[in-house]
Every structure is written in C-alpha cells, then in structure tokens.
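When we follow numbering that gives the first Met the number 0, the leftmost residue of the sequence shown carries the number 0, and every step to the right adds one.
The C-beta atom is built at its ideal place from N, Cα and C for all residues, glycine as well.
Please read the structure below before turning to the comments.
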Amino acid sequence: MLKLRKTLATLGLLSCLIGCFLSFSPPASAASAQPHGVHYCQCTEYVNSYYHMSVPGNAYQWKTELPGYGWQQESSGTIRVGDIAVWGTNFSTYGHLAIVNSISGSSAGATITFLGANQDGSRFTSLNCNDVSYWSTPYYWSLAVYFHH
Numbered sequence: 000m001l002k003l004r005k006t007l008a009t010l011g012l013l014s015c016l017i018g019c020f021l022s023f024s025p026p027a028s029a030a031s032a033q034p035h036g037v038h039y040c041q042c043t044e045y046v047n048s049y050y051h052m053s054v055p056g057n058a059y060q061w062k063t064e065l066p067g068y069g070w071q072q073e074s075s076g077t078i079r080v081g082d083i084a085v086w087g088t089n090f091s092t093y094g095h096l097a098i099v100n101s102i103s104g105s106s107a108g109a110t111i112t113f114l115g116a117n118q119d120g121s122r123f124t125s126l127n128c129n130d131v132s133y134w135s136t137p138y139y140w141s142l143a144v145y146f147h148h
C-alpha cells in the first residue's frame with residue numbers, strides 16, 4: 000500500500016510537471032510585443048496612410064502617379080508644408096517619399112524637415128508604422144520633386 004501511494008504521488012507530480020511544461024509560453028519578443036498591426040513600413044505605405052490614398056508603385060513612380068490623385072507638381076523652388084517630396088532613382092533604387100513637415104529660416108538658410116518611414120532619424124510609431132522619423136539633410140532637398148494638393 001505504501002509503495003502504491005509513492006507511485007501515485009510520483010505520477011501526480013510528473014503529470015503536473017508535464018502539464019506546466021506544455022502550457023508554458025516564452026515571453027513575447029520585442030517585435031511581437033508591438034500593438035496589433037504595428038510593423039516596419041516602406042515610405043510609400045506611410046505616405047499613402049498619412050493622406051488616406053492608395054497610390055501604387057515604388058516611390059520613384061509617384062512622380063507620374065500623383066497628378067492622377069489630384070496632386071500638382073510645385074514650380075521649381077516652391078516648397079510648402081504638407082507637400083509630398085518624391086526622390087527618383089538618383090536617391091536610391093526604388094526612390095523615396097516623405098512629407099514636408101516644416102520649413103524654417105530664409106531661402107538662403109532654410110531648414111526643411113521631412114516626415115516619413117524607412118529613412119534616417121530617431122524612429123517612432125505613427126499610423127501603425129514603427130520606423131517613422133523626422134529627417135533633414137540639405138544635400139538631398141534639391142534632388143526631390145515636390146507635389147502639393
């Protein structure tokens with residue numbers, strides 16, 4: 000009888016350990032701890048979300064696509080807050096897009112800050128994109144074409 004009790008106690012302990020092991024789930028990784036839907040975005044996805052549009056294609060293709068969505072190309076030297084800046088393949092293989100977030104200073108010493116995804120800068124989450132940042136590199140300003148709505 001004592002041997003039977005020890006065997007049952009051992010089996011009970013063993014089944015408890017197996018049950019605990021099978022129900023254990025490791026802690027969530029940083030990526031899976033993100034709120035539902037938050038993910039790494041391309042620049043085109045972020046600009047589409049920001050302006051509630053569905054413009055197709057790579058960033059460099061937006062130069063020809065945006066007029067069909069009611070956007071007009073700014074005249075040379077004209078840049079306004081809210082414009083979409085479009086960089087072609089002279090910037091990267093797929094181009095790049097960003098939103099003109101702010102302009103400060105005079106034309107000779109202006110500073111333009113761009114809001115966008117998948118670009119340099121300290122990243123934060125916006126519109127379910129976890130790679131959004133503000134970016135300002137004067138060399139690249141003149142390489143973009145700007146569109147206003």
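- Within the region 74-127, the runs of beta strand (DSSP E) at least 3 residues long that lie entirely inside it are, in chain order, 83-86, 95-103, 110-116, 123-125.
- The secondary-structure analysis by DSSP pairs residue 131 across a beta bridge with 116, 123.
- The C-alpha of residue 37 lies about 32 Å from the C-alpha of residue 103.
- Around the C-beta of residue 77, fewer than 16 other C-beta atoms lie within 10 Å, and the residue is accordingly described as exposed.
- A contact is defined here as three or more CB-CB pairs under 8 Å, and the region 77-95 meets this definition with respect to the region 46-63.
- With respect to the 8 Å criterion, residue 117 and residue 40 are classified as neighbours on the basis of their beta carbons.
- Per DSSP, the continuous beta strand (DSSP E) segment holding residue 144 begins and ends at 143-147.
- The alpha-carbon of residue 139 is positioned some 22 Å away from that of residue 148.
- Non-local beta-carbon contacts of residue 97 in its own chain, meaning distances under 7 Å to residues more than five positions away in sequence, involve 42, 84, 113, 114, 115, 118, 134 in chain order.
- Secondary structure of residue 60 (DSSP, three-state): helix.
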